[in-house]
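Undergrad:
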């Protein structure tokens, strides 16, 4: 049991650590965005400033309720226990347009992601189903370029495609990934980051929970330092630290 925990921990540390291998070390090649592609669907974390879910009628489950003069769209809400629930929002018949980057092809976003936080996040969220390490790489870069903004990390955690539990049994690799994302967000100042829930989850299944948690927290602190280096490399300054709430 203990060996499986160590192996699982090694997998997530390798996965999250792999993001540095994808970080470009030279400026963007200046690729001009090509013709618009079909918009990619990017789930958002509900409850933030300006989130239409806060004021729009929603249906917690089942088919969206019919409503006149509105467009029904899914939203992904984060619960206090670390899980997410899909609700449907009636956003009106003339919703605000998606960011232009949503229509860019991947190659164009790749060329911009070196120094553009929004491009890095859009591409990272788009790739999360097919390349987890690359998605982590890009979203961590987005958070760094945005001055240590934890919101992209929490959005990725909430939209992470792998299951958190199967038949009620926590999937360690997913739990570790979400733990580290939440821990980095905590260090960047996010008060609502689900870290206590992930600590409790690890303590419920691990044979050496405190050591497991310690290793994951150490990796989160290392990632914050690496993010500071990304911001420094691109902007010439570092604007965020890593205090955290614990």
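In the working numbering, the protein residues as written are 141 to 386.
Backbone N, C-alpha and C define an ideal beta-carbon position, used for all residues, glycine too.
1. Let me confirm a value: residue 301 is counted as buried when at least 16 other C-beta atoms fall within 10 Å, else exposed. Which label applies?
2. DSSP three-state label for residue 349, please.
3. Measure the CB-CB distance between residue 293 and residue 283 and report whether it falls below 8 Å.
4. Would you kindly work out how many angstroms separate the C-alpha atoms of residue 371 and residue 286, rounded to a whole number?
5. Should the stretch 364–379 be called in touch with the stretch 343–356, which here means at least 3 C-beta pairs below 8 Å?
6. Under a Cβ-count criterion, where at least 16 other Cβ atoms within 10 Å of its own Cβ denotes burial, should residue 377 be classed as buried or exposed?
7. What is the rounded straight-line gap between the Cα of residue 267 and the Cα of residue 328?
8. What is the rounded straight-line gap between the Cα of residue 319 and the Cα of residue 296?
9. Can you give the Cα-Cα distance for residue 242 and residue 262, rounded to whole angstroms?
10. So, is residue 307 buried or exposed, given that buried needs 16 or more other C-beta atoms within 10 angstroms?
11. Thinking C-alpha only, which one of 340, 273, 249 is nearest residue 317?
12. Should residue 312 be labelled buried (16 or more other beta-carbon atoms within 10 Å of its own) or exposed?
13. For residue 247, name the three-state secondary structure that DSSP assigns.
14. For residue 306, which beta-bridge partners are listed by DSSP?
15. Rounding to the nearest angstrom, what Cα-Cα distance links residue 381 and residue 358 in this structure?
16. Counting only the same chain and skipping the five closest in sequence on each side, list residues whose C-beta sits under 8 Å from that of residue 269.
TA: In short, the structure shows the following:
1. exposed
2. helix
3. yes
4. 8 Å
5. no
6. exposed
7. 24 Å
8. 12 Å
9. 7 Å
10. exposed
11. 273
12. buried
13. helix
14. 309
15. 15 Å
16. 301
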